[in-house]
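Shown next, in structure tokens, is the structure this report addresses.
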Amino acid sequence: MKAPARALLIPAALLAAGLISRALLTRAPARLAADFAQPLVVVTNWNAFGAALLGVLAVALLGAGAVYWSILRSPDDLSVAGVVAVAAAALAAAWCLPVIFSSDVYAYAAYGELARLGANPYAHAPLARGNAIFDSAIWQWGNPLPVCVYGPAFVALARAIVTLSAPLGALAALQGMRVLASAALPACAFFAYHAYPGDRAQRTGAAATIGLNPVAIWCAAEGHNDALALAVALGGFALARRGWLGAGAAAVALSATVKSPGAAGAVALAVTDARARAGAIAGLAIVAVLSWPLVSGVAEHLMPNGHYAPYASLQAVAGPIVALAVAGTLAANAIARLRRGSIDGWIWLALGGWALLPNPYPWYGLWLIAVAALAPQSRAGGVAIALSFTSLLRYAPDAISAPNPVAAIALGVGASSPFLALLIRPRHRG
């Protein structure tokens, strides 16, 4: 079966997950009635029933992942238009699931509503009751909400969506955020084709690495803003490849006004090409000025009140010191590889960053696979892609219940297990 036909199995797997999940919901415990009364149903502390629903999603994504990996091994007969079309179909199928596993979209809508009302989303202030968006966000997050950790451009977009959807109610605002994220992922695939180096097959492979990753598809369908920030960054890289190095570097930097990881892309572009440095510096300077309310809010409210509770990570197994040592080792190896001209050095560097995350949520994996798309068939690329799938384990503490110490270690071991492949010495052909 050729790659385009195989690719259709990805939306098919998600559609099957949606049908099975809907059948399971007919047996939902009565105690969950309050959760089902919310505009968008989020699986939170649902115990065995939550485990069953999460299991359905995980099996579907892993099955789709097997197809995805087979496509990455031979993307020659796949086109970027085909990747974009299949990604869109898979996103539509993902929307058929009747529940989601993250409450982030509720926070996004509340931050947009705060901005619409002239309040500061970066302040840790209690929300007024009686507002439909605020009331639904309070149910998910408590009152006050966590401090907004997103850039001013994203807050402005959230405000626009909330403003446009105001006559239609809270659900329309939530779904509007999901539509924005869902539209961004196919855009990522399109821009990747024009942003990555190599021949047509390599660039199509890069587009498929990002656009057809089943976990990335699901996270975009949930409404996470990582795809939006990455689309802006990849658009900047595409400009840079067309010769607009200054403008491209500035655009990559400005993706941090949506979410901060985009700034790392601007730094990387400036390091690799001196002609991009002025644009990168200018863009990062603009980000720094515009993001002062974000920096101030994080410093005043998040950092003093944050609690260290790692789950499904290397830190959950071995602690922060070991994680730091592993990250340092990976970074040193990355630098050595980059000095030798090996492009997979960037993937090793990204893996070092991943090792430092105390809570590697699945949607963070989109940034990891974007780097893996440089060399998806390399050992480091395979590890990065595998980590995007094992990150699904981070859903478990929230969807099921807080794990006991043994279960927490098991989650950390499972989520971090792909790192072990880096210890295997590759065999060289004579």
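Residues 586 to 1015 in my numbering are what the sequence shown lists, from first letter to last.
A virtual CB, placed ideally from N, CA and C, is assigned to each residue, including glycine.
In this text, all values refer to a predicted model and were calculated from it rather than measured experimentally.
Cβ shell of residue i (< 7 Å), same chain only, five flanking positions each side left out
i      : result
Ile954 : Thr794, Ile795, Asn798, Ala801, Ala969, Ile970 and Ser973
Val732 : Tyr707, His709, Gly882, Val883, His886 and Leu887
Arg780 : Just to set this straight, residue 780 is Ala in the shown sequence, not Arg. Leu819, Phe822, Ala823 and Arg826, listed in sequence order.
Ala873 : none
Where the alpha helix (DSSP H) through residue i begins and ends
i       : result
Cys531  : No statement about residue 531 is possible, as the shown extent of the chain runs from 586 to 1015 and does not include it.
Val911  : Leu899 to Arg924
Ala636  : Asn632 to Arg658
Glu544  : The structure shown does not extend to residue 544, since the chain is modelled only from 586 to 1015, so the question has no answer here.
Gly736  : It is not in any alpha helix (DSSP H) - Gly736 carries neither H nor E in the DSSP assignment.
Gly967  : Arg964 to Thr975
Ser606  : Leu594 to Leu610
Gly891  : Per DSSP, Gly891 belongs to no alpha helix (DSSP H) and is neither H nor E.
Ala1016 : With the chain covering only 586 through 1015, there is no way to say anything about residue 1016.
Ile932  : Gly930 to Ala940
Phe621  : Ala618 to Phe621
Trp948  : Careful: Trp948 lies outside any alpha helix (DSSP H) and carries neither H nor E.
Gly754  : No alpha helix (DSSP H) holds Gly754; DSSP gives it neither H nor E.
Rounded C-alpha distance that separates residue i from residue j
i       : j       : result
Ala618  : Val627  : 12 Å
Leu995  : Gly904  : Just to set this straight, residue 995 is Ala in the shown sequence, not Leu. Between Ala995 and Gly904, the C-alpha separation is close to 14 Å.
Pro945  : Trp939  : 7 Å
Arg1014 : Arg964  : Reliability fails at Arg1014, whose pLDDT of 45 lies under 50, so the model's placement of it is uncertain and no value is given.
Ser750  : Asn705  : 20 Å
Val668  : Ala741  : 30 Å
Ile746  : Arg763  : 10 Å
Ile595  : Val652  : 7 Å
Pro737  : Thr842  : 6 Å
Ser1002 : Thr629  : 26 Å
Leu730  : Ala695  : 9 Å
Ala633  : Ala700  : 38 Å
Tyr896  : Ala908  : 13 Å
Ala960  : Gln760  : 35 Å
Phe1004 : Ala677  : 33 Å
Val956  : Arg714  : 43 Å
Ile920  : Ile871  : 29 Å
Pro589  : Ala851  : 33 Å
Gly820  : Ala838  : 11 Å
Ala993  : Ile723  : 27 Å
Ile718  : Glu698  : 7 Å
Ala861  : Ala867  : 10 Å
Arg658  : Ala597  : 20 Å
Ile985  : Gly831  : 47 Å
Leu813  : Ala1006 : 31 Å
Asn810  : Phe739  : 8 Å
Leu639  : Leu712  : 31 Å
Leu702  : Arg744  : 9 Å
Ala816  : Asp620  : 33 Å
Close-in-space but distant-in-sequence residues of the same chain around residue i (CB under 6 Å, 5 per side omitted)
i      : result
Leu923 : Gly930
Leu807 : As written in the sequence, residue 807 is Glu, which differs from the Leu given in the question. Once the five neighbours on either side are set aside, the close Cβ partners of Glu807 are Ile685 and Ser687.
Ile605 : Val641
Ala792 : Val665, Val668, Ala774, Ala777 and Tyr778
Ala912 : Gly937, Ala940 and Leu941
Gly966 : Ile932, Ala957 and Ala960
Contacts around residue i, its chain only, beta-carbon distance under 8 Å, and the 5 residues preceding and following it disregarded
i      : result
Pro947 : Val800, Trp803, Cys804, Ser973, Ser976, Leu977, Arg979 and Tyr980
Ala637 : Leu609
Trp829 : none
Pro683 : Gly603, Ser606, Arg607, Leu610 and Val626
Gly754 : Pro624 and Ala717
Buried/exposed call for residue i, threshold 16 Cβ in 10 Å
i      : result
Ala622 : exposed
Tyr893 : exposed
Gly997 : buried
Lys587 : exposed
Ile656 : buried
Pro846 : buried
Asn890 : exposed
Ala692 : buried
Asn989 : exposed
Gly603 : buried
Ala916 : buried
Trp877 : exposed
Arg932 : Residue identity differs from the one stated: residue 932 is Ile in this sequence, not Arg. Counting Cβ neighbours within 10 Å, Ile932 comes out buried, since at least 16 surround it.
Val991 : exposed
Val856 : exposed
Pro660 : buried
Ala679 : buried
Minimum Cβ-Cβ distance from residue i to chain B less than 8 Å
i      : result
Leu765 : In summary, chain B is missing from the structure at hand, where a single protein chain is found.
Check: Considering only residues of the region 810–868, which uninterrupted beta strand (DSSP E) runs meet the minimum length of 3 residues and lie entirely inside it, listed in chain order?
Finding: none
Check: If you scan the region 761–816 from start to end, which runs of the alpha helix (DSSP H) of 4 or more residues do you find wholly inside it?
Finding: 785–796 and 799–807
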